[in-house]
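First up is the structure itself, then whatever we jot down about it.
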Amino acid sequence: MIRRLRALPLRSRLALLVATAVAVAVAAVSTACWFVVRGKLYDEVDGKLRTQYETLNLRAAGVAAILRACPSEAEPANEFAPPRDYYYQLVRASSGEPCVISADSVGAVRVTASDREVARRSDPRERSLRNGTDTEGNPVRVLTVAAVLDRRPDGAPGVGVVQDTALSIGVPLRETERTLGDLALLLLVVSGIGVLGAGATGLWVARTGLAPVDRLTGAVEHVARTEDLSVRIPVEGDDEIARLSRSFNAMTAALASSRDLQQQLIADAGHELRTPLTSLRTNIELLARSEETGRAIPAEDRRALLASVTAQTTELAALIGDLQELSRPDASAPHQVQVVALHEIAEGALRRVRLRGPELRFAEDLAPWFVRGEQAALERALVNVLDNAVKFSPPGGRIEVVLREGELTVRDHGPGIPAEELPHVFERFWRSPSARSLPGSGLGLSIVARTVQQAGGEVRVDRAEGGGTVVTVRLPGAPAPPPASPAPGAPGPVRGPGAS
């Protein structure tokens with residue numbers, strides 16, 4: 482059953498749930514209403530029976546008249562004419578046979594064990610109210626009390642009790658049962674209408690409430706079918722469906738942006754790879770043609786071609802390495818993150834860069850600073866920053882490298898970067914028009930920004946006073962390593978005095 486319900490559409494399940502809940506509620510209310518009305522009607526009938534017993538002078542004349550009608554009893558004091566449609570009879574505990582005094586329109590009430598028990602006890606306080614039937618099978622409400630006279634059977638004054646005898650007064654229940662039957666039918670019809678209406682209302686509510694979900698489902702199916710990430714769902718209100726719609730719109734916008742960036746990266750990478758590959762292919766074809774035709778290339782030209790091939794191969798390898806670096810996940814592997822000495826990484830980067838610019842002068846002032854990060858990535862980032870300084874420094878120029886309290890500055894004295902180009906320096910494959918003739922892929926500063934951000938820091942490029950460019954890298958850390966280094970990969974930067 483549960484599997485079948487789960488197989489139904491959500492709106493059908495909601496409609497069925499609403500209809501079931503309403504059906505249970507209507508059934509409970511209808512049942513309670515029927516029992517309340519039944520209790521009230523029976524209370525009314527019981528009141529009539531008590532009134533009939535108490536107001537018709539039964540103690541003085543009624544019982545005596547009934548006793549008179551029964552030949553074995555004493556002479557009655559008065560005659561008694563029972564009201565129409567009421568049952569009057571005496572019940573003997575010993576025999577159980579009734580002595581009936583009733584109008585012609587009614588018969589005798591069937592005697593039960595409770596009637597005989599009242600007769601047997603002969604207690605004036607003993608009374609019995611029950612449902613029963615007459616000899617013809619008609620429903621009857623019966624009140625049975627001990628047979629009592631206001632005089633003793635011997636004529637002495639005081640209350641007298643007729644031993645082993647009880648008086649039963651009955652009233653037909655045809656009208657009461659008919660009223661209860663009509664009420665039950667009415668409640669059944671109203672309940673059915675209510676359940677059907679609840680089902681229809683539940684279905685309408687389900688359709689209305691799930692309309693945004695249907696739109697969201699349609700949008701997801703459209704995206705899955707067409708890969709069209711421009712689809713947006715209208716957001717109305719501030720409920721859960723609206724939040725879900727906003728989240729879906731944000732997700733598709735992020736996916737569209739990611740795909741655009743991916744396509745842009747592929748296009749830019751293809752463009753950047755085309756230049757060294759074209760030059761490399763041309764130089765190799767010249768060398769191959771020289772071997773095929775036997776026409777030797779002058780030694781000086783051959784050396785220039787081989788140098789160009791070597792340079793283009795190096796540039797191609799550097800570009801591929803940069804692309805691999807950018808294709809890595811944004812977060813470093815936990816086992817690669819550890820506490821490292823930033824000043825030692827800077828010293829190693831300086832040793833490598835000095836070989837590329839032997840004619841340049843380097844001024845360094847590196848204070849101890851320990852950070853949490855990936856050593857290889859940080860060293861590559863600092864090498865990229867220093868490479869740019871070397872590339873744009875004039876012959877014999879000076880490069881100043883200072884590390885103080887987590888702030889590393891690299892300043893060159895080259896031509897500098899125009900102010901309008903500064904916002905683009907960290908974009909992938911972006912290269913200043915004045916630097917397009919120089920070697921490079923335009924990915925170096927993008928890798929620097931990504932690495933520094935992963936380490937929890939920030940990087941900025943500005944024009945330096947007096948000319949040149951200054952690159953500022955800030956990384957959180959401490960001037961001394963912690964007493965007990967945490968396990969590799971533990972989250973959170975190293976904190977200490979002077980941490981930025």
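Under the numbering used here, the first residue of the sequence shown carries the number 482, and numbering increases by one thereafter.
For glycine and all other residues, C-beta sits at the position ideal for the given N, C-alpha and C.
This one's a predicted model, so the numbers in the text were calculated from it and none came from an experiment.
Going by DSSP in three states, residue i sits in which element: helix, strand or coil?
i, result
"Glu-702", "helix"
"Glu-886", "coil"
"Arg-494", "helix"
"Ala-655", "It should be noted that the sequence gives Arg, not Ala, for residue 655. It is helical."
"Ala-589", "coil"
"Arg-713", "coil"
"Leu-787", "helix"
"Arg-696", "helix"
"Phe-843", "strand"
"Arg-740", "helix"
"Asp-615", "strand"
"Ser-609", "strand"
"Ala-858", "helix"
"Pro-757", "helix"
"Ile-880", "strand"
"Arg-837", "coil"
"Arg-776", "coil"
"Ala-558", "Any answer about Ala-558 is weak, because its pLDDT of 40 lies below 50 and its placement is not dependable; what the coordinates show is given next. Three-state result, Ala-558: coil."
Out of the options, which one is the CA nearest neighbour of residue i?
i, options, result
"Ile-650", "Val-572, Ala-830, Leu-758 and Ser-711", "Val-572"
"Glu-845", "Arg-892, Asp-615 and Ser-874", "Arg-892"
"Glu-908", "Ala-500, Leu-742 and Leu-691", "Leu-742"
"Leu-859", "Arg-622, Val-883 and Arg-955", "Arg-955"
"Val-510", "Ser-672, Arg-655 and Thr-646", "Ser-672"
"Pro-693", "Asp-720, Leu-667 and Val-704", "Asp-720"
"Glu-658", "Leu-768, Trp-515, Val-503 and Ala-647", "Trp-515"
"Arg-861", "Leu-495, Val-883 and Ala-827", "Ala-827"
"Ser-927", "Gly-618, Gly-613, Val-866 and Glu-888", "Val-866"
"Asn-730", "Ala-700, Val-883 and Ser-595", "Ala-700"
"Ala-627", "Thr-614, Thr-646 and Glu-901", "Thr-646"
"Leu-884", "Ser-874, Leu-522, Glu-825 and Glu-578", "Glu-825"
"Val-526", "Ile-778, Ser-760, Ala-594 and Leu-654", "Leu-654"
"Glu-888", "Pro-875, Gly-718 and Val-951", "Val-951"
Express the C-alpha separation of residue j and residue i in angstroms, rounding to a whole number.
i, j, result
"Gln-817", "Gly-925", "21 Å"
"Glu-554", "Thr-512", "Annotation note: pLDDT 43 at Glu-554 (below 50); position unreliable, coordinate value reported separately. Spanning the two alpha carbons is a distance of roughly 49 Å."
"Arg-713", "Leu-684", "27 Å"
"Gly-938", "Glu-855", "13 Å"
"Val-592", "Gly-520", "24 Å"
"Pro-896", "Thr-932", "26 Å"
"Arg-740", "Ala-798", "26 Å"
"Glu-946", "Gly-802", "34 Å"
"Ser-493", "Ala-500", "10 Å"
"Glu-708", "Thr-733", "10 Å"
"Val-834", "Thr-890", "16 Å"
"Ala-830", "Arg-837", "11 Å"
"Pro-957", "Arg-941", "15 Å"
"Asp-566", "Arg-602", "28 Å"
"Asp-943", "Ala-870", "13 Å"
"Thr-791", "Arg-784", "10 Å"
"Leu-664", "Ser-576", "41 Å"
"Thr-660", "Val-599", "31 Å"
"His-905", "Ile-898", "11 Å"
"Val-640", "Glu-607", "Caution applies to Val-640, whose pLDDT of 49 falls short of 50 and renders its modelled position unreliable; the value that the coordinates give is listed next. Cα-Cα distance, rounded: 15 Å."
"Thr-953", "Glu-840", "24 Å"
"Arg-688", "Leu-669", "28 Å"
"Gln-533", "Val-518", "23 Å"
"Gln-644", "Val-629", "9 Å"
"Val-821", "Pro-963", "11 Å"
"Arg-842", "Gly-878", "6 Å"
"Ile-722", "Ala-681", "23 Å"
"His-703", "Ala-502", "36 Å"
"Thr-774", "Ala-780", "16 Å"
For residue i, write down the residues that DSSP places opposite it in a beta bridge.
i, result
"Ile-801", "For Ile-801, which the question treats as bridged, DSSP gives no partner whatsoever."
"Cys-580", "Leu-571"
"Leu-648", "Leu-571 and Val-626"
"Gly-958", "Val-852"
"Pro-620", "Thr-614"
"Arg-724", "The partner list for Arg-724 (beta bridge, DSSP) is empty, contrary to what the question assumes."
"Arg-892", "Glu-881 and Val-951"
Along the beta strand (DSSP E) that carries residue i, what are the first and last residues, could you check?
i, result
"Ala-822", "818–822"
"Arg-944", "939–944"
Between which two residues does the alpha helix (DSSP H) carrying residue i extend?
i, result
"Ala-930", "925–935"
"Arg-853", "Careful: Arg-853 lies outside any alpha helix (DSSP H), inside the beta strand (DSSP E) at 851–855."
"Arg-565", "Unbroken run through Arg-565: none, as it is neither H nor E."
"Val-906", "Looking at the DSSP string, Val-906 is not in any alpha helix (DSSP H), and its letter there is neither H nor E."
"Ser-595", "594–602"
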